[in-house]
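In the UniProt record's numbering, the protein residues as written are 1 to 125.
As structure tokens, this is what we get:
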């Protein structure tokens, strides 16, 4: 993941590299991207190119990109994977690194892994 010029853990005590060492299934990769407004079009173009690699990998289930409302060039990407193992394998693909390396220098990525849980009155696991 260091190919993105700026990579910032959501939780400094538990960066993505440590999370990927845990066997868990299914998982959700949440990645918040901030980008300079001038680089927004280039980011989206390169994000789409990287996504074409990701979506063809074993273990990929689904994804959705969201943009912050208003003038904030902030994006939230939500990707469901079968397991940490399949995500780790997808991250190791040279063609994925090639696409992500083309992100503009202003991009800051903040990824973290999650699992769905039961919350009474708010959904089931």
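For every residue, glycine included, the Cβ atom is placed at its ideal position computed from N, Cα and C.
For the UniProt domain "ABM" (27-117), the full-length beta strand (DSSP E) segments reaching 3 residues or more read 27-34, 60-67, 74-81 and 108-114 along the chain. Within its own chain, the residues whose Cβ lies closer than 6 Å to the Cβ of residue 76, once the five positions on either side in sequence are excluded, are 32 and 66, listed in chain order.
In this structure, residue 10 lies near residue 112, with their beta-carbon atoms less than 8 Å apart. For the 8 Å CB-CB criterion, residue 26 and residue 83 form a contact. It is roughly 14 Å from the alpha-carbon of residue 105 to the alpha-carbon of residue 8. Under the Cβ criterion (8 Å, minimum of three pairs), the stretch 114-124 does not count as touching the stretch 42-53. By the criterion of a C-beta distance shorter than 8 Å, residue 48 is surrounded by no residue of its chain, once the five residues flanking it on both sides are discounted. Put simply, the backbone Cα of residue 61 is about 15 Å away from that of residue 114.
Looking at the DSSP output, residue 6 bridges to 108.
Annotation for residue 18: the continuous alpha helix (DSSP H) segment containing it runs 16-19.
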